[in-house]
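**Q**
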Amino acid sequence: MFEHPARAWNISDLAELCNMSRATFMRTFKEKVGHSAGELLQDIRMNLAANELKKSSMTVEAVSELVGYQSVSGFRKVFAQRMGVTAGHWRRLAHKNRQNFKA
108 MFEHPARAWN ISDLAELCNM SRATFMRTFK EKVGHSAGEL LQDIRMNLAA
158 NELKKSSMTV EAVSELVGYQ SVSGFRKVFA QRMGVTAGHW RRLAHKNRQN
208 FKA
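With the sequence shown counted from 1, adding 107 to any position gets you the numbering used here.
1) Can you check whether the CB of M153 is closer than 8 Å to the CB of S143?
2) Excluding the 5 residues preceding and the 5 following A115 in the sequence, name in chain order all residues of the same chain whose CB lies nearer than 8 Å to its CB.
3) Compute the distance between the beta-carbons of F182 and S171, then report whether it is under 8 Å.
4) Can you say whether A156 is buried or exposed, counting buried as having 16 or more other CB atoms within 10 angstroms of its CB?
5) Do A113 and L173 have their C-beta atoms within less than 8 Å of each other?
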């Protein structure tokens, strides 16, 4: 998931990679990591998106696709829930912070 966050991961694929049943994989993953594989994937994607929005001029739509979202509106919703601000606001804050840092 870390190497290919945009891939359309599912529990069956992950369980197969680990040579486990779906149920065993889900239980073991939650025990070892502390949350579900889906939650971890969402965290990976949101962190990658946040970094891209800070450092590049990619559109929100392009960032959404880069991190594996089929729906820009779905990406925007999850980003705002996870990060506490919209993707556009996140970018503006990062730009403002860079400007303040240079001053």
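Backbone N, C-alpha and C define an ideal beta-carbon position, used for all residues, glycine too.
**A** In brief:
1) For this step, residue 143 is matched to residue 36 along the sequence shown. For this step, residue 153 is matched to residue 46 along the sequence shown. Inclusion of S143 and M153 in the CB contact set at 8 Å is not warranted, their separation being larger than that value.
2) For the purposes of this step, residue 115 is taken as residue 8 along the sequence shown, with counting starting at 1. Residues G175 of the same chain have their beta carbon placed closer than 8 Å to that of A115, with the five preceding and five following residues left out of the count.
3) Against the sequence shown, residue 182 aligns to sequence position 75. Against the sequence shown, residue 171 aligns to sequence position 64. Closer than 8 Å, so yes.
4) Position 49 of the sequence shown, counted from the first residue, corresponds to residue 156. So A156 counts as buried.
5) As a position in the sequence shown, residue 113 is number 6, starting the count at 1. As a position in the sequence shown, residue 173 is number 66, starting the count at 1. A113 places its beta carbon less than 8 Å from that of L173.
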